[in-house]
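**Q** Listed in order, the protein sequences are those of chains A and B.
If you use our numbering, the first sequence corresponds to residues 1 to 293, in order.
If you use our numbering, the second sequence corresponds to residues 294 to 418, in order.
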Amino acid sequence: MNELVVEVRNLSRRFGARTALAEVSLEVPRGIVLGLVGENGAGKTTLIKHLLGLYKARAGSVRVFGLDPVADPPAVLRRIGYLSEERDLPDWMRVGELLRYTQAFYPAWDEAYAEELRAMFALDPAQKVKTLSRGQRAQLALLLALAYRPELLLLDEPSSGLDPVVRRDILSAIIRTVADEGRTVIFSSHLLEEVERVADVVAMIHAGRLVLAGPIDEIKEAHRWLTLRFPEPLAQKPALPGMLACEGEGREWAVLCNGASEALRGAAAALGAVVLEERTPSLDEIFVARVKG
Amino acid sequence: MLLHLYPSGGVPPYLQIVNQIKYLVASGRLSAGERLPPVRKLAEQLVINPNTVARAYRELETAGVLTTRPGAGVYVAAGGSPLARRERVRILSERIDALLAEARQLDVKLDELTGLLRERSRLLE
Numbered sequence: 001m002n003e004l005v006v007e008v009r010n011l012s013r014r015f016g017a018r019t020a021l022a023e024v025s026l027e028v029p030r031g032i033v034l035g036l037v038g039e040n041g042a043g044k045t046t047l048i049k050h051l052l053g054l055y056k057a058r059a060g061s062v063r064v065f066g067l068d069p070v071a072d073p074p075a076v077l078r079r080i081g082y083l084s085e086e087r088d089l090p091d092w093m094r095v096g097e098l099l100r101y102t103q104a105f106y107p108a109w110d111e112a113y114a115e116e117l118r119a120m121f122a123l124d125p126a127q128k129v130k131t132l133s134r135g136q137r138a139q140l141a142l143l144l145a146l147a148y149r150p151e152l153l154l155l156d157e158p159s160s161g162l163d164p165v166v167r168r169d170i171l172s173a174i175i176r177t178v179a180d181e182g183r184t185v186i187f188s189s190h191l192l193e194e195v196e197r198v199a200d201v202v203a204m205i206h207a208g209r210l211v212l213a214g215p216i217d218e219i220k221e222a223h224r225w226l227t228l229r230f231p232e233p234l235a236q237k238p239a240l241p242g243m244l245a246c247e248g249e250g251r252e253w254a255v256l257c258n259g260a261s262e263a264l265r266g267a268a269a270a271l272g273a274v275v276l277e278e279r280t281p282s283l284d285e286i287f288v289a290r291v292k293g
Numbered sequence: 294m295l296l297h298l299y300p301s302g303g304v305p306p307y308l309q310i311v312n313q314i315k316y317l318v319a320s321g322r323l324s325a326g327e328r329l330p331p332v333r334k335l336a337e338q339l340v341i342n343p344n345t346v347a348r349a350y351r352e353l354e355t356a357g358v359l360t361t362r363p364g365a366g367v368y369v370a371a372g373g374s375p376l377a378r379r380e381r382v383r384i385l386s387e388r389i390d391a392l393l394a395e396a397r398q399l400d401v402k403l404d405e406l407t408g409l410l411r412e413r414s415r416l417l418e
């Protein structure tokens, strides 16, 4: 059974003159870890807020667990663990109070698990939330999203702005969740190295559009950095069909392309160029090339 | 078991794991019959998606480097697997190629190089 936990169809959204999302379609099957990638303002948070029912879909449709999150918010929200980018937490409460308070809303709350996480993150129950460090805030917010073992985790930039130690703790907690129960996770990040390690599938958003989406391995395999040597030095970049990025000088130029592109290789050969080497680009390189192109 | 994942560029994480485990087995640091950490534990240790570890283990099993005992875990396959020898030869071949390239750069002929090998080997004993 591979039901779709999230199904977004042709979702578009504008705020005044600004297009936040343009014809975004996405399917997330159960048990998948999806990395949502894009620069600030690309539309990641807007998309996540649609999944939470915080925005009503004005053009296109959104279904979570087969339900419309706006039509029946509690039915959907109690099955989602959400980590907001701002780490929205009641500052005046103490850690222990906030745990008990949140527990009251979620029948599925696992007290032993919550305690295990609290100890792992070394969060003092007596400490006031407003005195927590940035990293501790993120850890607490994550704990609150994990403790009732929701089927879907929506994490908005879970590790950004955090030092490497805390980042590792947070990713570890997420990995453990994935390994334990095969939960579905959607996390947005602009740290592509993390996305490569943790996600199964990546969706790249740029200026509201879905630029690329698919299993990470496949995407990487579909792209290549080719190092070309031309018979004569070139005064400017070569113009080759399907070229996504190009750098170099003189006789040697590196070109990022769709690896299977015979057209590009053929055009290079026609110019007398030889392929010196080829390698698989990183996700970062692919994203930058796709966005700037 | 010590593995290290390098930031991705050319080599996908699962392949890095496959290669490192092959190396550990071929070099004897992982012995025949030794148990490997469960998928989940290694995933947590390396902070990567468990599917990546599972894939690496599967490939290693297909290659005859690891075997799965149902309900008991993943183990290094019985010693003397032909792959171990092939792997040893591959590792040494890489080093030999590098050595030959350097020797050529330094204008040291093959006879002299072989003589040097024997001399160094004698010193090691």
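No residue lacks a Cβ here, since even glycine has one placed at the ideal position from N, Cα and C.
This structure is a prediction, so every number in the text was calculated from the model and none was measured.
#1: Starting from Ile32 of chain A, trace the beta strand (DSSP E) both ways and give me its first and last residue.
#2: Name, please, each residue of chain B whose Cβ falls closer than 9 Å to the Cβ of Arg18 of chain A.
#3: For chain A, find out if any of its Cβ atoms is closer than 8 Å to the Cβ of Ile341 of chain B; answer yes or no.
#4: Going straight from the alpha carbon of Val201 of chain A to that of Pro215 of chain A, what length do you get?
#5: Determine the DSSP secondary structure at Asn40 of chain A, reduced to helix, strand or coil.
#6: Closer than 8 Å by beta-carbon distance: list the chain B residues that pair up with Ile175 of chain A, in chain order.
#7: Give a yes or no on whether the minimum CB-CB distance between Arg397 of chain B and chain A is below 8 Å.
#8: Going by DSSP, what residues sit across from Thr46 of chain A in a beta bridge?
#9: Compute the Euclidean distance between the alpha carbons of Ile347 of chain B and Gln309 of chain B, then round it to the nearest angstrom.
#10: Return the residues of the region 154-181 of chain A that lie within a Cβ-Cβ distance of less than 8 Å from chain B, sorted by chain order.
#11: Please tell me whether Leu339 of chain B and Leu296 of chain B are closer than 8 Å, where the distance is taken between their beta carbons.
#12: Select from the region 178-202 of chain A all residues with a C-beta closer than 8 Å to any C-beta belonging to chain B, and list them in chain order.
#13: If we ignore side chains and look at the alpha-carbon of each, how far apart do Pro421 of chain B and Tyr101 of chain A end up?
#14: Among A:His190, A:Arg94, A:Ala114, which residue has its Cα nearest to the Cα of Gln103 of chain A?
#15: Using only the alpha-carbon positions, how far apart do Arg381 of chain B and Val318 of chain B sit?
#16: According to DSSP, simplified to helix, strand and coil, what is Asp156 of chain A?
#17: Out of curiosity, what's the CA-to-CA distance linking Val255 of chain A and Phe230 of chain A?
#18: If we call anything under 8 Å between Cβ atoms a contact, is Ser160 of chain A one with Leu191 of chain A?
#19: In the DSSP assignment, what are the bridge partners of Leu256 of chain A?
#20: Using Cβ-Cβ distances below 8 Å, what residues of the region 206-217 of chain A are close to chain B?
#21: Please determine, among A:Arg290, A:Arg149, A:Leu154, A:Leu140, the residue with the shortest C-alpha to C-alpha distance to Ala207 of chain A.
#22: Can you tell me whether DSSP reads Tyr55 of chain A as helix, strand or coil?
#23: Is the Cβ-Cβ distance between Leu142 of chain A and Ile175 of chain A less than 8 Å?
#24: Scan the region 31-52 of chain A for residues whose Cβ lies nearer than 8 Å to a Cβ of chain B and list them as they occur along the chain.
#25: I'd like to check one pair, Pro150 of chain A with Lys220 of chain A: are the Cβ atoms closer than 8 Å?
#26: Please name the residue in A:Gly242, A:Leu234, A:Pro241, A:Gly259 whose C-alpha comes closest to that of Glu249 of chain A.
#27: What runs of the beta strand (DSSP E), each 3 residues or longer, lie entirely inside the region 349-374 of chain B?
**A** Concretely, from the data shown:
#1: In the DSSP annotation of this structure, Ile32 of chain A is not part of any beta strand (DSSP E), being labelled neither H nor E.
#2: In chain order: nothing, as chain B lies at least about 34 Å away.
#3: yes
#4: 4 Å
#5: coil
#6: Ala336, Glu337, Val340, Ile341, Asn342, Pro343
#7: no
#8: Answer by DSSP bridge pairing: none, since Thr46 of chain A is not bridged.
#9: Checking the displayed sequence, the identity of residue 347 of chain B turns out to be Ala instead of Ile. The straight-line gap from Cα to Cα measures roughly 13 Å.
#10: Arg168, Leu171, Ser172, Ile175, Arg176, Val178, Ala179, Asp180
#11: yes
#12: Val178, Ala179, Asp180, Glu193, Glu196, Arg197, Val198, Ala199, Asp200
#13: Because chain B spans 294 through 418 in this model, residue 421 of chain B falls outside it and cannot be assessed.
#14: Considering only alpha carbons, the answer is A:Ala114.
#15: 10 Å
#16: strand
#17: 12 Å
#18: yes
#19: A:Trp225, A:Ala245
#20: Asp217
#21: Among A:Arg290, A:Arg149, A:Leu154, A:Leu140, the Cα nearest to that of Ala207 of chain A belongs to A:Arg290.
#22: Secondary structure of Tyr55 of chain A (DSSP, three-state): coil.
#23: no
#24: Val33
#25: Cβ atoms of Lys220 of chain A and Pro150 of chain A: not closer than 8 Å.
#26: A:Leu234
#27: 359-362, 366-369
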